[in-house]
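Peer 1: Reminder that position 16 of the sequence shown reads as 16 in my numbering, one-by-one numbering, no gaps. Ideal Cβ positions, reconstructed from N, Cα and C, are used throughout, including at glycine. Since we're looking at a predicted model, the values are computed, not measured. Please see the structure below; I have some questions.
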Amino acid sequence: MRVVVEIKKGEVPEVILNNLIKNSQLEQVFGINNVVLVDGKPKLCNLHELLQIFLDHRKEVITNRSLYELRQAKDRGHVLEGLIVAIANIDEVINIIKTSENTKVAADRLCEQSWSSAQLNRYLIELKIQIFVSQRALKRFWS
1 MRVVVEIKKG EVPEVILNNL IKNSQLEQVF GINNVVLVDG KPKLCNLHEL LQIFLDHRKE
61 VITNRSLYEL RQAKDRGHVL EGLIVAIANI DEVINIIKTS ENTKVAADRL CEQSWSSAQL
121 NRYLIELKIQ IFVSQRALKR FWS
């Protein structure tokens, strides 16, 4: 940062500078502890190194978060592709779920289908349970 002070002609710059230092916080000294953990080991760093370490850390955090979100999106895409296939075979899916004694049997029977996957089966079973709970809540509400 740069501060420019313009003085009148004939003034002594050293006197004005000394007054500024004496009567303001223009020159203030304070100590800081720049010991940080780098790769699990303590290290004494200067300001440039601190900034570089922080930027590297932020880059790593953003990269990891982006990779996680990419994996989540790919998983979601897989489920959506499976739902498209399940909708194409909707009669078969409904028949399997309705005729199954419990969710475990339904999941096993859905796994036997060539178009199905474990991830899609979990989603379909959870969807079935949500619909069932919603229907029971509506019946109780209207009863």
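1. Quick one: residues in its chain with C-beta nearer than 7 Å to the C-beta of I96, no 5 flanking neighbours on either side, listed in chain order?
2. Taking 6 Å as the limit between beta carbons, can you name the residues of its chain near P42, skipping five residues before and five after?
3. Check for me: the alpha helix (DSSP H) holding V93 runs from which residue to which?
4. Q119 and H78 look like a contact to me (Cβ under 8 Å); what is the Cβ gap, rounded to whole Å?
5. Need the endpoints of the beta strand (DSSP E) that K9 sits in, please.
6. In angstroms, rounded to a whole number, what distance separates the CA positions of L80 and S66?
7. What residue does the alpha helix (DSSP H) around V105 start on, and which one ends it?
Peer 2: For this structure:
1. A106, R109, L110
2. V35
3. For V93, the enclosing alpha helix (DSSP H) covers residues 90 to 99.
4. 6 Å
5. Counting along the chain, K9 falls outside any beta strand (DSSP E), and DSSP gives it neither H nor E.
6. 21 Å
7. Residue range 103 to 111 is occupied by the alpha helix (DSSP H) that includes V105.
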